[in-house]
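A short write-up of the structure that comes next.
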Amino acid sequence: MKASTGYFRTIQPHSYNNTVRKYSENTIEILPKNFDSKYNLVCKSYDIFPIALGIQYNFSQSIFSPYPIIELAYNFINASIETLPPEVWTYKSIDEIPAEFK
3 MKASTGYFRT
13 IQPHSYNNTV
23 RKYSENTIEI
33 LPKNFDSKYN
43 LVCKSYDIFP
53 IALGIQYNFS
63 QSIFSPYPII
73 ELAYNFINAS
83 IETLPPEVWT
93 YKSIDEIPAE
103 FK
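In the working numbering, the protein residues as written are 3 to 104.
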């Protein structure tokens, strides 16, 4: 019987040139409002937790012994993105939103 587990953390930094622009439509107190926002990505990080369980059979007990193995594995992955605080603007209609946000 064989069991194994582990933990990996990967961090991918970004330069400040990675700017995300987006817009959305919401209703506040029955009035439709249009918002656009802009923020910079700082880094992406991934936490990976692999779990494996398997069976191994040794044909002989010498220094070089061949063996077959059957293994089942699963990776639990948690991804997250870190950003700088966003800038947000409000508009009365979608036509007022600048084209760079659409």
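We put the CB at the ideal spot given by N, CA and C, even for glycine. Predicted, not measured: the structure shown is a model, and the values here were computed from it.
Item, Value
"Could you name the residues that DSSP lists as bridge partners for Gly56?", "Lys4 and Glu73"
"If we count Cβ pairs, one from each stretch, closer than 8 Å, do we get three or more for the stretch 30-38 versus the stretch 53-65?", "no"
"Which residues share a DSSP beta bridge with Ala81?", "Tyr48"
"Do the CB positions of Glu89 and Lys40 come within less than 9 Å of each other?", "yes"
"Looking at the unbroken beta strand (DSSP E) that takes in Pro15, where does it start and where does it end?", "Phe10 to Pro15"
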